[in-house]
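Remarks on the structure that follows.
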Amino acid sequence: MWLYVLQGVGLGFSAAVLPGPFLAYLISQTLERGWRRALPAAFAPLVSDGPIITLCLLVLSQVPGWFERFLHFAGGSFILYLAFGAYKAWRNFDSNLPSTNPGAQGSVFKAALMNALSPGPYIYWSLVTGPILLRGWRETPVNGIGFLAGFYATIVLSLTAIILVFSLARELGPKFNRAMLGVSAIALLIFGIRQLWLGILG
Numbered sequence: 018m019w020l021y022v023l024q025g026v027g028l029g030f031s032a033a034v035l036p037g038p039f040l041a042y043l044i045s046q047t048l049e050r051g052w053r054r055a056l057p058a059a060f061a062p063l064v065s066d067g068p069i070i071t072l073c074l075l076v077l078s079q080v081p082g083w084f085e086r087f088l089h090f091a092g093g094s095f096i097l098y099l100a101f102g103a104y105k106a107w108r109n110f111d112s113n114l115p116s117t118n119p120g121a122q123g124s125v126f127k128a129a130l131m132n133a134l135s136p137g138p139y140i141y142w143s144l145v146t147g148p149i150l151l152r153g154w155r156e157t158p159v160n161g162i163g164f165l166a167g168f169y170a171t172i173v174l175s176l177t178a179i180i181l182v183f184s185l186a187r188e189l190g191p192k193f194n195r196a197m198l199g200v201s202a203i204a205l206l207i208f209g210i211r212q213l214w215l216g217i218l219g
């Protein structure tokens, strides 16, 4: 079982730190709202990945091309919406005003929706983690459970660490905070455009 746990830990860490729209969103939320309100979003994969894993294991191998293309368009559009929200936070930034953003539930919902609309998790679970999970489960369910436990414990802990690190950066002052918000908005914009472009290329 421990071999599968270690595989889960390694793959979970790589999935958490891989640059992408979800990570950019977490960073922007941390800078804009602080770590306490951003922290619940670290648990978003636990909300969104259940249906993704089920779907990918049912098709057993690769997500159909038309579905991947749809996800690129849907995910790109949603990421651009989040980029616009980050831009508005940058434009209207005022360190003296309390945040008026939705609470933790809204943060988790947006992060989970972004994850569900991104092709990344579907491809990852179809081509990388799904086959490992299936092989372990067929050997014994304990191996499959150990793999999932290692994978998601590492993802949540890694994302939590990232949020706390950027929360410390947030304390460097309002000018730095506003600049990083602008960088996050640009990163989300780039990721959104890239998703749409990949959808066009098919």
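Each residue of the sequence shown is one higher than the last, beginning at 18 in our numbering. Using N, Cα and C, we set each Cβ at its ideal position, and we do this for glycine too.
Please list, in chain order, all residues of the same chain as Leu74 whose beta carbon is under 8 Å from its beta carbon, the five residues on each side excluded. Taking the first residue of the sequence shown as position 1, residue 74 is located at position 57. Excluding sequence neighbours, Leu74 sits near Trp142, Gly147, Leu150 and Leu151.
Less than 8 Å between C-beta atoms, sequence neighbours within five positions excluded: which residues of the same chain meet that for Leu165? On the sequence shown, position 148 is the one that residue 165 refers to. Closer than 8 Å at the Cβ level, and outside the excluded window around Leu165, lie Gly25 and Leu150.
How would you label Ile217, buried or exposed, when you count the other beta carbons within 10 angstroms and need 16 or more for buried? Reading the sequence shown from its first residue, position 200 is the one you call residue 217. With fewer than 16 other Cβ atoms within 10 Å, it is exposed.
For Trp107, does the count of other Cβ atoms within 10 angstroms reach 16, so buried, or fall short, so exposed? For the purposes of this step, residue 107 is taken as residue 90 along the sequence shown, with counting starting at 1. Residue environment for Trp107: buried (at least 16 other C-beta atoms within 10 angstroms of its C-beta).
Under the rule that 16 or more other beta-carbon atoms within 10 Å means buried, what is Glu156, buried or exposed? Within the sequence shown, the letter at position 139 stands for residue 156. Label assigned to Glu156: exposed.
Can you give the Cα-Cα distance for Glu49 and Leu198, rounded to whole angstroms? Along the sequence shown, one-based indexing puts residue 49 at 32. Along the sequence shown, one-based indexing puts residue 198 at 181. Spanning the two alpha carbons is a distance of roughly 7 Å.
Quick one: measure Cβ to Cβ for Leu181 and Ala33, integer angstroms, because I've assumed they're closer than 8 Å. Position 164 of the sequence shown holds residue 181. Position 16 of the sequence shown holds residue 33. At roughly 13 Å, the Cβ-Cβ gap does not stay under 8 Å, so Leu181 and Ala33 are not in contact.
Once the 5 residues before and after Val64 are set aside, which same chain residues still bring their CB inside 6 Å of it? By 1-based counting over the sequence shown, the position of residue 64 is 47. Within the same chain, Val64 has close Cβ partners Ala129.
CB of Leu205 within 8 Å of CB of Ser45, strictly: Translated into the one-based positions of the sequence shown, residue 205 becomes position 188. Translated into the one-based positions of the sequence shown, residue 45 becomes position 28. Taking 8 Å as the Cβ cut-off, Leu205 and Ser45 qualify as a contacting pair.
Nearest to Ile69 (by Cα), restricted to the options Asn132, Val125, Trp154 and Ala55: Working through the sequence shown from its first residue, we reach residue 69 at position 52. Considering only alpha carbons, the answer is Asn132.
Output the distance between the C-alpha atoms of Leu189 and Thr47, rounded to the nearest integer angstrom. Here residue 189 is taken as the residue at index 172 of the sequence shown, counted from 1. Here residue 47 is taken as the residue at index 30 of the sequence shown, counted from 1. Looking at the two C-alpha atoms, the distance is approximately 13 Å.
Cβ-based burial, Thr71 [other Cβ within 10 Å; buried from 16]: Residue mapping note: residue 71 aligns to position 54 of the sequence shown, counting from 1. With fewer than 16 other Cβ atoms within 10 Å, it is exposed.
Would Gly67 pass as an interface residue toward chain B - the criterion being a Cβ-Cβ separation below 8 Å? No chain B appears in the structure shown, which is made up of a single protein chain.
Own chain residues within Cβ distance below 7 Å of Trp83, not counting five before or after: Taking the sequence shown and counting its residues from 1, the one referred to as residue 83 is at position 66. Excluding sequence neighbours, Trp83 sits near nothing in its chain.
Spatial neighbours of Leu114 within its chain, please: CB distance less than 7 Å, with the 5 preceding and 5 following residues excluded, ordered by chain position. In the sequence shown, residue 114 corresponds to position 97, counting from 1. Only weak support exists for where Leu114 lies, its pLDDT of 42 falling under 50; the coordinates are left without a value.
Buried or exposed for Asn160, please, with buried defined as at least 16 other CB atoms from any protein chain shown within 10 angstroms of its CB. As a position in the sequence shown, residue 160 is number 143, starting the count at 1. Buried, because 16 or more other Cβ atoms sit within 10 Å of the Cβ of Asn160.
Please classify Leu23 as buried or exposed, where buried requires at least 16 other C-beta atoms within 10 Å of its C-beta. As a position in the sequence shown, residue 23 is number 6, starting the count at 1. Leu23 should be labelled exposed.
Tyr21 to Lys105, Cα distance in whole Å? In the sequence shown, counting from the first residue as 1, residue 21 sits at position 4. In the sequence shown, counting from the first residue as 1, residue 105 sits at position 88. In this model, Tyr21 and Lys105 are separated by some 44 Å (Cα to Cα).
Where Gly137 and Gly209 are concerned, what is the direct C-alpha to C-alpha distance, given to the nearest angstrom? On the sequence shown, position 120 is the one that residue 137 refers to. On the sequence shown, position 192 is the one that residue 209 refers to. Distance between the alpha carbons of Gly137 and Gly209 is about 13 Å.
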